[in-house]
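Below is one structure, written out as structure tokens; comments come after it.
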Amino acid sequence: KLLRKLLEKGHFVAIATHDKIYIRKALEILDEMKIPKEQREFQMLMGVPRDDMQKELIERGEKVRLYVPYALSWSDAIAYLRRRMIESPSMTALVLKNLLKRS
789 KLLRKLLEKG HFVAIATHDK IYIRKALEIL DEMKIPKEQR EFQMLMGVPR DDMQKELIER
849 GEKVRLYVPY ALSWSDAIAY LRRRMIESPS MTALVLKNLL KRS
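Printed below as a string of structure tokens:
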């Protein structure tokens, strides 16, 4: 509902999710409403393994922006990571799996 409302008002939208279901629904709405690609982008957190989805979006001509968390101090970085882990335990598991795979 919110995506439609923003688009109806002519706003630029940044769709920030790793969830394929939400991405596909957003694409369906964007295509249905004939929203130009210059008026939208998809955002994902770097390190969360969604290369297949990123590739698919890029092949469609969508703008994909990767979010890279940055902190000036370790205490700020740890606080951020802790909060993200609490918010999304499943994403934490994906990140850890991805890190171990690269080692």
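The sequence shown lines up with residues 789 to 891 when you count with the working numbering. Even for Gly, the Cβ is constructed at its ideal location relative to N, Cα and C. No experiment lies behind these values; they were computed from the predicted model shown.
Checklist entry - Should Ala-814 and Leu-791 be called a contact, given that it needs their Cβ atoms to be closer than 8 Å? => result Yes; because the gap between Cβ atoms is below 8 Å, this pair is in contact.
Next on the checklist: Residues in the same chain with beta-carbon distance under 7 Å from Glu-826, minus the five sequence neighbours each way, listed in chain order, please.
Outcome noted: Residues of the same chain with their beta carbon placed closer than 7 Å to that of Glu-826 are lacking, with the five preceding and five following residues left out of the count.
Next on the checklist: So within the region 818-884, which uninterrupted beta strand (DSSP E) runs reach at least 3 residues, ignoring any that extend past its ends?
Outcome noted: Inside the region 818-884, DSSP marks whole beta strand (DSSP E) runs of 3 or more residues at positions 828-833 and 852-855, from first to last along the chain.
Checklist entry - Since Lys-793 is in the alpha helix (DSSP H), which residue starts that stretch and which ends it? => result It spans 790-796 - the alpha helix (DSSP H) in which Lys-793 sits, taken as one unbroken run.
Item to check | Backbone CA spacing between Pro-824 and Gly-835 [nearest angstrom] | outcome: When rounded, the distance between both Cα atoms is 28 Å.
Checklist entry - Exposed or buried, what is Leu-888 when buried is set at 16 or more other beta-carbons lying within 10 Å of its beta-carbon? => result Residue burial is scored here from C-beta neighbours: Leu-888 has fewer than 16 other C-beta atoms within 10 angstroms and is therefore classed as exposed.
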